[in-house]
Each structure stands twice: as structure tokens, then as C-alpha cells.
Amino acid sequence: TYLLQVESWRRVLAGWRQRLPLRIAVRAWCLANLARYLPGKVWSVAGLVVVVQRAGVEPWAATASAGVAQALALATGIVAVAWAVPGIGHGVLLGVALGVATLVLLAMGSAKLMRVAARIARGADLRPLPLSAVFGGGLLMLAAWAGYGAAFWALARGIGVTELGLPD
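First residue of the sequence shown: 763, per the numbering used here; consecutive thereafter.
As C-alpha cells, this is what we get:
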């Protein structure tokens, strides 16, 4: 599943014509995931950005790709939960969350909205992301969620849990 997430992130970077070798991407992703256990919430993103900048990725793309990867994980995670557990939560709430995540991702593909965001961010170098990169990265992230679900199912079966006790 981590490899699928890394490749999803690399697809986002490739959408901005940034190349990152798989070996370096895996190293950066693993270090960033370890950094999330340090006090403060910025270390995992900061670590990811620093490692990939040293590998030749432009600073704006390194930073923006970390945000896009999180948005992809959120949007596809909502889809995975809605599909796998149809009775969970409130359908409208899941739909609104998915809609907001989707709008953010689609906005990243708009040159006009990226110019507005760059002005708001005081001249940050933001560039639109091709929707093919969003779609390709999203499919890989959805596959990663399926992998997590399969691993959880196997764990539950392995320890003898056959009924999860979810509400009908």
C-alpha cells in the first residue's frame, strides 16, 4: 500500500513535469511517515519537502505535492468508506466531504484559480495540475485504500473475528 501511495504522489509530481526516482521517493515517504510521530504537525510535510528538493524537485512542486497527496488520500478514503461500509455515518455528510475534496482537487487544475491562490499566498509559485495527474494519482490512492482494507480483513480473520458488529 505504501508503494501505491508513493506512486500516486510521483504521478502528481510528474503532472508538473517534476521527476523523482522511485528509490528517493520511497525514502522520502518513509521518513515523512516516521516524522509524524514527532511533536508538532509540520515535520512530516517539512521532511518530505526537504528530501525531494535535494533530489532536484522545485520547491513549489515539492510543497504543493504534499498537499495534493493529502487531498487525494482524503477524497479517495471517503469513497472507500462509502463503498465498503454503506451504513456508516450519514450519507449526506459523506457526500459533502467528498464534494469538498473533489472541488479542491479540480480547482488545482484551474490556471485562473491557481493565479488567485498565488496572489492570496503572496506570490507563491502555484501551477495548475493536469487532471490526468489527479485522476491517475487518485486511482492509485484508491487501490492503496483497498489494500489497507484487505490487510485489515485478513488481520480480523486471522485473529478469529468474523463479525465486526457494525450497525445495520
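Backbone N, C-alpha and C fix where the C-beta goes; we use that ideal spot for every residue, glycine too.
- Scanning Phe897, Leu902, Val896, Leu782 for the CA closest to the CA of Val819 turns up Leu782.
- DSSP places Glu769 in the helix class (H, G or I) of the three-state scheme.
- Under the three-state reduction of DSSP, Tyr799 is assigned to coil, being neither helix nor strand.
- With a threshold of 16 other beta carbon atoms within 10 Å, Ile840 meets it and is buried.
- Residue burial annotation: Glu769 is buried, with at least 16 other C-beta atoms found within 10 angstroms of its C-beta.
- Taking 8 Å as the cut-off, the beta carbon of Tyr764 is found no closer than this to the beta carbon of Trp805.
- Taken in chain order, no unbroken stretch of beta strand (DSSP E) lies wholly in the region 838 to 883 with a span of 3 residues or more.
- Between Gly898 and Arg816, the C-beta spacing is not below 8 Å.
- A check of alpha carbon separations from Leu856 across Ala797, Ala842, Ala828, Leu868 identifies Ala842 as the nearest.
- Contact between the region 900 to 911 and the region 828 to 840 is present: three or more C-beta pairs spanning the two stretches fall below 8 Å.
- Looking at the backbone, the Cα of Lys874 and that of Val854 are separated by about 30 Å.
- Residue ranges of uninterrupted alpha helix (DSSP H) with 4 or more members, entirely inside the region 777 to 825 and ordered along the chain, are 784 to 797, 805 to 816.
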